[in-house]
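*Asks:*
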Amino acid sequence: MVTARFVLFALVTAPATVAVHVYLYRRLFAATSEHRAWRRVGMGVMTVLGTLLVLSWSVTRFLPMDSTFAVATAVWTWMGMAIYLLLALGVLGTVRKVTARIQRSRGEPAVVESRVVGTADPVFQAHAVGGSAQAGGTLAATGTESISVAQEAMATRGHGAAATRTEAAPVAMAEGPVGATSASSAPVDVERRRFLARATAGGAVLAAGGVTGFGMWSAFHPPVVNEVAVKLPGLPKALDGFSIVHLSDIHVGPVIRRRFMDELVRRCNALRPDLVCITGDLVDGHVASLAPAVSALSELKSRHGTYFVTGNHEYYWSDAAWAEALERMEVQVLRNRHVRIGDTAASFDLVGVDDWSAGKMGFSQGYDLAAATAGRDSERASVLLAHQPSNWKVAAQEGMGLQLSGHTHGGQFFPFTLAVSAIWEHDAGLFSEGDRNLYVSRGTGFWGPPLRVGAPPEIVRVTLLA
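Following our numbering, the numbering of the sequence shown begins with 18 at its first residue and continues without gaps.
Structure, rendered in structure tokens:
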């Protein structure tokens, strides 16, 4: 089943990847120069990057993790930059079109498209042979156009001009304006179009590179610590001020390795929590490959230990195998069950459920809140660990005072921050309905492009109030 989902993912992403790289070739190389060597370089660069990006999902899945770090980091960073190049080119293109429309409304000449006039793309165009090469107009595969200014001028004059051509010629040669204007407009138009294409491409590269650089710094920089205080219904006064460190969506894998985990553990321990909770999507790889990096979790220190619930990504790499491995690392896995946190005098229930979508994906064990809460006293204070926030309203009705979730990454980086906010009712942060609360983490690591723009990674320190 996992293989089938992977194949489906590849079938969807591969055509999109090809289309994006063809478009970037057109805008960054074909439209900016008529030199064949430059275009061939661009075609080679885009072909290599596009191919590596398509293959990266297979390479990182089936090859040892230690051998894929450099490729995964470089290629997935390029993925993020390609997205920002598309955005920048779109924004700058829109600005040019608006400017051109304003110029036309004022009666001024305007150039809108970044087309190379009079020059076909030598990489894709089938060249004519001999003298016919000058007469045959072709449309380049890259979308650049060959426009004959002379033919355009002749069409404008109309048939009547042909009858008086002999008489008009001496006047034109003597006075010059008509003939000179038509003859000189082509090179001016070509250079203007090419200048605009180069300016747009250069601006897009600078903007995309700057945002990508910032996004990488934010992704690899130690997560910020967000402090959240929540009133928990039924919490004994003796537990007022109880602290939980909440981690989610770390995504240990081809890019996030042991060094990242060691620093994360150090920062968590510095907070001196009473309890550590991890709400899924911890790994993107098999136990054999990632256990050395994930084992850093065994160094977490808290009064009541570390607890974990599965996310959807654990199922892609064997949820059962990872549950066993984590137990050996002194991380307790709550698979649709609950435990008592505290002592006989003062305690609350910590409830954990498997990923919301596991059952829908056809896996044998998935979300089961009824099983997780079976046998517990509904009057007792409770904290629910659930990877996705989709179930919150149902969980609140079942008496869960606080739910800790992740999954959304808060969108991870712009513009997906906007998309996630539009799609998910509870995308990131604290949500409340009556005395019931939900906190959705933006995630501690990242998935795919190592970027964080507009949604910085976080460690959440939740303080429970009686």
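All residues carry an ideal CB built from backbone N, CA and C; glycine is no exception.
(1) Should L80 go down as buried or exposed, given a rule of 16 or more other Cβ atoms within 10 Å for buried?
(2) Any contact of the region 300 to 307 with the region 230 to 242, i.e. 3+ C-beta pairs under 8 Å?
(3) Using the C-alpha atoms, what's the distance from N286 back to F26?
(4) How about the region 81 to 91 and the region 107 to 124: do they share at least three Cβ pairs that are nearer than 8 Å?
(5) In three-state terms, what does DSSP make of N353?
(6) Look at the alpha carbon of L482 and the alpha carbon of I261, and state the distance between them as a whole number of angstroms.
(7) Take M63 and list the residues in its own chain whose beta-carbon comes closer than 7 Å to its own, dropping the five residues that flank it on each side.
(8) Please classify H238 as buried or exposed, where buried requires at least 16 other C-beta atoms within 10 Å of its C-beta.
(9) Should G423 go down as buried or exposed, given a rule of 16 or more other Cβ atoms within 10 Å for buried?
(10) Along the chain, where does the alpha helix (DSSP H) containing D336 start, and where does it finish?
(11) Quick one: give me the first and last residue of the beta strand (DSSP E) that S260 is part of.
(12) Have a look at the DSSP bridge pairing and note the partners of Y456.
(13) Report the CB separation of W373 from H404 in whole angstroms; it is logged as a contact under 8 Å.
(14) DSSP puts T296 in a beta bridge; with which residues?
(15) Among the residues of its own chain, which have a CB less than 7 Å from the CB of T34, if the five just before and after it don't count?
(16) Would you list the one or two residues that DSSP bridges to N243?
(17) From this set, G451, E450 and G427, which residue's C-alpha is nearest W441's C-alpha?
(18) What three-state label does DSSP hand L249 in the structure shown?
(19) Give me the DSSP bridge partner(s) of G119.
(20) Check I440 in the structure and name its three-state DSSP category.
(21) If you draw a straight line from the C-alpha of M278 to the C-alpha of G462, how long is it?
(22) For I100, does the three-state DSSP call read helix, strand or coil?
(23) In the DSSP output, which residue or residues are listed as bridge partners for V470?
(24) With a cut-off of 8 Å, do at least 3 Cβ pairs link the region 428 to 435 to the region 388 to 397?
(25) May I have the straight-line CA-CA distance separating V293 from L28, to the nearest angstrom?
(26) Does the beta-carbon of R469 have 16 or more other beta-carbons within 10 angstroms, so that it is buried, or is it exposed?
(27) For D371, count neighbouring C-beta atoms within 10 Å of its own C-beta (all shown protein chains included) and say buried if the count is 16 or more, exposed if not.
(28) Cβ of A225 within 8 Å of Cβ of L102?
(29) Work out the CA separation of D452 and G471 for me, nearest whole Å.
*Replies:* Judging by the given coordinates:
(1) exposed
(2) no
(3) 38 Å
(4) no
(5) coil
(6) 12 Å
(7) H38, L41 and Y42
(8) exposed
(9) buried
(10) D336 to R345
(11) F259 to L264
(12) L421 and L447
(13) 7 Å
(14) V326
(15) G67, L70 and V71
(16) V477
(17) G427
(18) coil
(19) Note that residue 119 corresponds to Ile in the displayed sequence, not to Gly. Looking at the DSSP assignment, I119 forms no beta bridge with any residue, so it has no partner.
(20) helix
(21) 10 Å
(22) helix
(23) F430
(24) no
(25) 39 Å
(26) buried
(27) buried
(28) yes
(29) 29 Å
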